[in-house]
Amino acid sequence: MRARWRPRVALGTMAGMSDQAPEHSPVELYRLLANLIREGRVEEVRPGRPARCRVRAGELLTNWVPWISLAAGGGQQTRHWRVPAIGEPCLLFSPEGDLGQASALVGSFSEDMPQGSESADVERHDFSATDYWEHNRQDDTLVLDIAQAITLRVGTSTLHITPEGTTLTTPEYTVDSAQTTFTGAATVEGLFTFNAGIAGKAGASGKNSVQGGMDFEGGQINHDGKNIGGTHAHPDPHGGNTEGPQ
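Under full-length UniProt numbering, the first residue of the sequence shown is numbered 1, with each subsequent residue one higher.
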C-alpha cells in the first residue's frame, strides 16, 4: 500500500507558524544543520554591557554573541559572573541554525587548557595560577589558597587577611573557648579587664615591669607567702610588732 501524504497542518502547528515547510536547497539545509551546534574557541571578549564574545569555529568568526553563565537571576536573585578566557573551548548553540541567534557554552577542557584535578572526590575552582579553593568530600576538607589578600565582610564587621597579618574590625569580639593560647607577644591598646584572677611567670629577664602607678583595693599582697600589703607588720625591737603602714 502506498503511504498517503498528509499536509503538516494535520500534525499541528505552533501559533504564528506556517504549515508549509520552507523551501531550501540541500546545500542550505546542510548549512543550517551544521550551524545548530558548532565547536569553537573564544577569540574576543567584550565584558561591558551587554557582555558578549566572538567565537572562532574553523574558518568562521561569529559576530558578538552572549555566553551562557551558571546563573543569571538578576540583582535580586542568584547570578554568576566570569569572563571567558581567550582561547577557551566552547560550543555554539544556534536556534534553527541561525548563527545570529547563537549562544556560547564555555567550559570544555582541552590539552592547552586542562582540568584542575584528577580526583573524583574533589571539587576545585581555580581563580588564577596561584588562587583556588578546593573541597575534598572524601577527607571532608576545604582549602582556600589566596596569594595576596582575603576580605570577609558582614555588615560593619570586616576580616582582612594578608601574608603580613590579619585585621578584624568589629564592634564587639567574643572568644568562647575553654582554653586560649597566644604563642607570641600580645599588646592591648585599651583597658585590660579580667574577672577570674590572673596568673603568670616572668619573661626571659626574670622580672615584670609596669610603668606608672598601680592601685590595689581590698585583699592583700603577698611575696613568698608574706604579706607586703597595707596590713603587713614588722617585728618591733622593743617587743611585739609594729603597726601596718599609715
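Just so you know, even glycine gets a beta-carbon here, dropped at the ideal spot from N, CA and C.
Between which two residues does the alpha helix (DSSP H) containing R49 stretch?
Under the DSSP assignment, R49 falls outside any alpha helix (DSSP H); it carries neither an H nor an E label.
Straight-line Cα distance separating V65 from G48
About 13 Å.
Cα-Cα, which of T193, G213, H24, D176 is closest to G97?
Ranking T193, G213, H24, D176 by Cα distance to G97 puts H24 first.
Terminal residues of the continuous alpha helix (DSSP H) containing N35?
Looking at the DSSP string, the run of the alpha helix (DSSP H) that includes N35 is 26 to 36.
Any contact between the segment 118 to 129 and the segment 100 to 107? By contact I mean 3 or more CB pairs, one from each, below 8 Å.
Counting Cβ pairs under 8 Å, fewer than three are found: no touch.
With the cut-off set at 8 Å, would you say E59 and C53 are in Cβ contact?
In this structure, E59 sits away from C53, with a CB-CB distance that is not shorter than 8 Å.
Are R79 and A85 close, meaning C-beta to C-beta below 8 Å?
No.
Can you tell me which of the three DSSP states P114 falls into?
Coil at P114, not helix or strand.
Over the uninterrupted beta strand (DSSP E) stretch that includes F93, give me the two end residues.
Segment 89 to 93, the beta strand (DSSP E) holding F93.
So what does DSSP say about E43, is it helix, strand or coil?
The DSSP-derived three-state label of E43 is strand.
Does the beta-carbon of W5 have 16 or more other beta-carbons within 10 angstroms, so that it is buried, or is it exposed?
The predicted position of W5 is uncertain, since its pLDDT is 39 and thus under 50; no value can be drawn from it.
Per DSSP, what kind of secondary structure is G184 in: helix, strand or coil?
Looking at G184 - three-state DSSP - the assignment turns out to be coil, as it is neither helix nor strand.
Under a three-way DSSP split, which group does G97 fall into?
The answer is helix: DSSP assigns G97 an H, G or I state.
Compare the C-beta of E28 against all C-beta atoms of chain C and say whether one is closer than 8 Å.
Included in the structure is just one protein chain, with no chain C present.
Does the distance from the CB of V27 to the CB of G87 come in under 8 Å?
Not a contact, by the Cβ cut-off of 8 Å.
Just to confirm the assignment, what range does the beta strand (DSSP E) spanning A199 have?
Run containing A199: none; DSSP gives neither H nor E here.
Would you mind sorting P89 into buried or exposed? The rule is 16 or more other CB atoms within 10 Å of its CB.
Its Cβ being crowded by 16 or more others within 10 Å, P89 is buried.
For A3, which residues in the same chain have their Cβ closer than 6 Å to its Cβ, ignoring the five residues on either side in sequence?
Below a pLDDT of 50, predicted positions are generally treated as unreliable, and A3, at 41, falls in that range; no measurement from the model is reported.
Does L11 pass the burial test, meaning 16 or more other C-beta atoms within 10 Å, or should it be called exposed?
Note that L11 scores a pLDDT of 39, beneath 50, so its modelled location is shaky; the value from the coordinates is reported in the next line. It is exposed - the Cβ of L11 has fewer than 16 other Cβ atoms within 10 Å.
Between the C-alpha atoms of G107 and A51, what's the straight-line distance to the nearest angstrom?
Computed Cα separation, rounded: 17 Å.
Whole angstroms is fine: what's the gap from R137's alpha carbon to L191's?
The straight-line gap from Cα to Cα measures roughly 45 Å.
DSSP state of T62, grouped into three classes?
Looking at T62 - three-state DSSP - the assignment turns out to be coil, as it is neither helix nor strand.
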